[in-house]
Amino acid sequence: SDLDPPYGVNYKNDFYNDSADFVKIESIKWLAEFYRTLKNGSHCYIFTGTKSLNLWLTNIENSGFEFKNIINMPSYCNGQYLKNNFYYRTEHILFLSKGKAKNLNKVDFIKTSDSWLNDKRNNKKQEFTYSYPNFWDFIFANEKANTKKLLHPNQKNVKLLEILIKLSTQEGEIVLDTFVGSGTTALASIQTNRNFLACERDKGYVKIANDRLENWQQDLLRQKEWLEKRGVNDFFDDIEMPKDGKQGTLI
Numbered sequence: 056s057d058l059d060p061p062y063g064v065n066y067k068n069d070f071y072n073d074s075a076d077f078v079k080i081e082s083i084k085w086l087a088e089f090y091r092t093l094k095n096g097s098h099c100y101i102f103t104g105t106k107s108l109n110l111w112l113t114n115i116e117n118s119g120f121e122f123k124n125i126i127n128m129p130s131y132c133n134g135q136y137l138k139n140n141f142y143y144r145t146e147h148i149l150f151l152s153k154g155k156a157k158n159l160n161k162v163d164f165i166k167t168s169d170s171w172l173n174d175k176r177n178n179k180k181q182e183f184t185y186s187y188p189n190f191w192d193f194i195f196a197n198e199k200a201n202t203k204k205l206l207h208p209n210q211k212n213v214k215l216l217e218i219l220i221k222l223s224t225q226e227g228e229i230v231l232d233t234f235v236g237s238g239t240t241a242l243a244s245i246q247t248n249r250n251f252l253a254c255e256r257d258k259g260y261v262k263i264a265n266d267r268l269e270n271w272q273q274d275l276l277r278q279k280e281w282l283e284k285r286g287v288n289d290f291f292d293d294i295e296m297p298k299d300g301k302q303g304t305l306i
């Protein structure tokens with residue numbers, strides 16, 4: 056499962072509650088439901104900000120999940136000045152498993168260093184490494200606001216989610232996201248030939264996600280064009296539309 060719950064940054068309106076107190080209480084319930092829903096051996100990824108790390112780590116201890124690691128990567132911020140502090144430019148992904156974790160899949164997204172590739176001790180001359188670090192400086196966690204019109208204020212990078220999905224599932228398996236927002240996890244599931252089950256309480260975002268999924272091939276083409284303009288090759292070019300055209304449910 057790929058999950059992007061509220062961050063506890065004390066944003067609140069008539070519909071949405073992202074207060075620290077709310078997340079502190081509700082995260083216990085969320086973890087219990089995540090654990091109940093997932094199969095044994097499943098991986099669980101939870102996105103969170105720096106200020107919420109301690110809250111989640113504390114609650115995970117009594118959740119039944121096995122804490123595996125924290126994946127860290129750069130994140131686009133709004134440029135807000137922080138007096139006597141440092142910018143929050145890092146996103147964290149908590150990596151958990153239900154019981155003994157199944158093995159991570161071999162995914163070609165981190166190239167073997169030239170030094171090791173040419174080292175005489177290296178008997179396996181592989182272009183990509185399958186020993187994954189927990190700091191990913193080659194990709195941003197979210198979409199940059201001024202490069203395209205965002206569909207959600209914390210819209211995640213679909214390429215990042217494709218990597219996580221490929222690492223932890225096989226084609227045809229189900230990916231769960233209970234905070235799907237604009238539908239990025241669902242889109243990444245389709246583009247990697249997985250099924251998905253997605254939940255979103257905001258009817259406006261449900262419509263945005265459904266519209267996005269109906270036009271997912273156009274969205275993919277737009278992403279590839281954006282990458283090519285910057286000289287970046289798309290390493291996921293083997294995407295095919297499922298024969299029945301139905302891969303998931305958004306509720």
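Under this note's numbering, the first residue of the sequence shown is numbered 56, with each subsequent residue one higher.
Every residue gets a Cβ at the ideal spot worked out from N, C-alpha and C, and that includes glycine.
Owing to the predicted nature of the structure, the values given are computational and were not obtained by experimental measurement.
Counting C-beta neighbours from all protein chains within 10 Å, is the total for residue i 16 or more, i.e. buried, or is it exposed?
i	result
Gln210	buried
Leu268	buried
Ile194	exposed
Gln246	buried
Glu146	buried
Arg256	exposed
Ile80	exposed
Asn197	buried
Asn212	buried
Ser56	buried
Leu276	exposed
Ser82	buried
Phe150	buried
Ile137	A quick correction: the sequence has Leu, not Ile, at residue 137. Label assigned to Leu137: exposed.
Residue i by DSSP, collapsed to three states: which one?
i	result
Ala253	strand
Leu112	helix
Asn124	strand
Thr103	strand
Ala75	helix
Leu231	strand
Lys214	helix
Ser56	coil
Using only the heavy atoms of the ligand GTP, determine whether one of them is closer than 7 Å to the beta carbon of residue i.
i	result
Tyr90	Absence of the ligand GTP is noted for the structure shown, with no ligands found whatsoever.
Cα separation between residue i and residue j?
i	j	result
Thr126	Trp111	According to the sequence provided, residue 126 is Ile. The question's Thr does not apply to it. Spanning the two alpha carbons is a distance of roughly 14 Å.
Ser118	Trp85	10 Å
Thr240	Asp163	20 Å
Phe190	Glu226	26 Å
Cys99	Ser223	9 Å
Leu108	Phe102	10 Å
Asp289	Lys106	Low local confidence applies: a pLDDT of 46 at Asp289 is under 50, so the model's placement there is unreliable, and no value is given.
Thr233	Leu252	8 Å
Lys153	Pro188	21 Å
Asp157	Leu216	Looking at the sequence shown, residue 157 is not Asp but Lys. So the two alpha carbons sit approximately 19 Å from each other.
Asn325	Leu219	Outside the displayed span of the chain (56 to 306) sits residue 325, for which this structure offers no information.
Glu280	Glu116	44 Å
Thr92	Asn178	42 Å
Lys258	Lys214	25 Å
Ser97	Tyr90	9 Å
Gly238	Asp266	9 Å
Ala75	Glu121	24 Å
Lys155	Asn124	14 Å
Lys221	Lys161	8 Å
Gln181	Lys175	13 Å
Asn114	Asn250	29 Å
Leu94	Asp192	Here residue 94 is Lys; the residue named in the question, Leu, does not match the sequence. Computed Cα separation, rounded: 31 Å.
Thr184	Ala264	34 Å
Ser186	Leu159	10 Å
Tyr131	Gly236	18 Å
Pro129	Ala243	20 Å
Leu172	Ile148	29 Å
Lys78	Lys262	The identity of residue 78 in the sequence shown is Val, whereas the question assumes Lys. Computed Cα separation, rounded: 25 Å.
So that I know if they touch, is there some Cβ in chain C lying closer than 8 Å to that of residue i?
i	result
Pro188	As a matter of chain content, chain C is missing from the structure shown, which is built from one protein chain.
Should the region 135 to 146 be called in touch with the region 165 to 183, which here means at least 3 C-beta pairs below 8 Å?
no
Which complete alpha helix (DSSP H) runs does the region 135 to 196 hold, if anything under 4 residues is left out?
169 to 172
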